[in-house]
Each structure stands twice: as structure tokens, then as C-alpha cells.
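Numbering of the sequence shown is given in our numbering, commencing with residue 768 and proceeding in unit increments.
First up is the structure itself, then whatever we jot down about it.
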Amino acid sequence: MFIGHFATVHPLRRWFPNTPAYVLTIGVGFLDIVFAVICAIWHAEGVTVDPSEGKLGVQLHCDYSHSLVGALVFSTLYGFLAQVIVGGNDRQHFLAGFAASFSHWVEDWLVHNHDLLLDPWSRVIIGGTLLWSKYPLFATYAELLAAIAFGWFYVPEKERKNMYALVVNVILLVVFHYGNEVAFPRLATASLMQPTADLQNYGLAASMLFVFLTPAIILGWVFERRRRQPTIDTKKDQ
């Protein structure tokens, strides 16, 4: 799951209109950012090559960042960070941050292979559905179509009649979807070809941060400008 995470930002913007867009665009990828940090610093997560795993061609080891308990803990942490950084008395920022982050785990469960655990210690597997390995082509296009639907229909009310904004939503999602389809496998392969385990972990972590932070920053900038637009228009009229 990749662009499906960012597509979730659209309904989240609708539900949490007062929360800065960056909280949402970074939040939907926060668990993978945690994965990258754990991979680079503690080497406790990572991947191993396994063609039988289907779409990615690797087996994911994400016991801490993507276990159910880990996802709840890290999503709660992200919610608190969002509340502290944004400030104010509006607790919606915490809820927005938590929802953005935890939506990542829910969506991963829909497509992942059996690499999602209950917690990092019991080794109890609770997901996902094996869609990646059994039906990789379907998983790819179902995610893309769902992302397009979110970008067109589930947007803040003020954008629903703005054809330009809707088209831009879809174009950005499609571009990032295919950009990731091309870029990430090459980056991950290059990382795994490094001569030492440390370099492999650093390369994989850098790849993950690049593919998630790039769209998070760009989409955050676009959506935050839209969020602030009524304020800008009001100031011009005064």
C-alpha cells in the first residue's frame, strides 16, 4: 500500500478542517517513517528477498512499527506530537494525527502478506489478507482506483465544485502512484545489493524516507494552501 495511504488524506481533511494538512500527509506515512528509523538505527526491522511474496518481492520484518500494539502506540505518540506542535486547545489535532497514522495499519492489513503481528513479542500473526502475493495486479489497480475515487469524491466541501482542484487531486495521486511503482523497487534493490548489512539497512531506510516524505511534503503544501485560502480571501476583502 502506498498511494492509498495518501488518498486517505482527502476524507481526513474533510473531517478535520482545522488541522494543518502537513499533520495528515506526514501522519499517513508515519508508521513507515518509524520503520525506516528502526531499520537504520537499531536494525530491528527490514526486508529479505523472497520472490514468493509477490508484488514487492521481499518479506517484510516490521514487528514493532506494524504490529497492532506498535501501531496503536506510535499512532498515539504521533497524535500527541501533532497536538503539541500545532498547539491550541483543539483536541481535534490529536484525533487527526492518531487517525492519520493508524489508518496506515488498517489499509496495510487489506493488502499485506502475513507480516502484521499482534505485538512484537508473541509472534501471533493477525494479517494481512495476502492480496499482494495472491493477486498483485489486482492489488495495484484496486489501490489506484480507490485513490482516484477518494481524490474526486471524498474531499472538503469547498473543493467539491472546483473542477481544477479535483483534477489536480487525481493527477497528483496517479503521478505519485506510478512514480513509486518505478522508483521504490529500484531503490530497494540497490540498497539490498550493498556489501554490508549496515549499508543495506541505511539504504533501505533512506529509500523509505524518500518515497514517503516527498509526496507528504508536496501534497501537504498543496492542501495547506487550499485550507488557508478562505482566510486569505477574507483578508483581501477587508
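Glycine included, each C-beta is placed from N, C-alpha and C at the ideal position.
- Each residue's CA atom was taken as its position, placing I938 and L971 some 27 angstroms apart.
- Pairwise C-beta distances place the segment 905–920 in contact with the segment 773–782, as three or more of them are shorter than 8 angstroms.
- An exposed status is given to N785, since fewer than 16 other beta-carbon atoms sit within 10 Å of its beta-carbon.
- DSSP places Q826 in the strand class (E or B) of the three-state scheme.
- For secondary structure counted as the alpha helix (DSSP H) over 4 or more consecutive residues, the segment 891–918 holds these complete runs in sequence order: 898–901.
- For V851, the number of other beta carbons within 10 angstroms of its own is below 16, and it is reported as exposed.
- With respect to the 7 angstroms criterion, A803 and L980 are not classified as neighbours on the basis of their beta carbons.
- Considering only Q859, L827, H833, W782, the residue with the shortest C-alpha distance to V801 is H833.
- With respect to G895, H879 sits close: the two C-beta atoms are nearer than 7 angstroms.
- Between G987 and A849, the CB-CB gap reaches or exceeds 7 angstroms.
- Here DSSP, grouped into helix, strand and coil, assigns G846 to helix.
- Of all alpha-carbon atoms in G794, L798, L823, the one lying nearest the alpha-carbon of K901 is that of L823.
- Annotation for A811: I805 place their beta carbon closer than 6 angstroms to its own, counting only its chain and skipping 5 residues before and after.
- By alpha-carbon distance to D830, the top candidate from A964, E926, P818, I893 is I893.
- Beyond the five residues adjoining it in sequence on each side, A906 comes within less than 7 angstroms, by CB distance, of K822, V878, L898, W899 in the same chain, given in chain order.
- For V790, the closest of A909, G864, F869 by C-alpha to C-alpha distance is G864.
- The closest CA to that of W782, considering only D882, L911, A866, V949, is found on A866.
- Under DSSP, L883 shares a beta bridge with G894.
- The criterion of a C-beta distance shorter than 7 angstroms is not satisfied by F951 and P982.
- Annotated three-state conformation of G854 is coil, per DSSP.
- Checking the DSSP bridge columns, you'll see G813 partnered with H828.
- In the structure shown, R927 falls within a coil segment according to DSSP collapsed to helix, strand and coil.
- V978 and N936 do not touch by the CB rule: their CB atoms are close to 20 angstroms apart, not below 8 angstroms.
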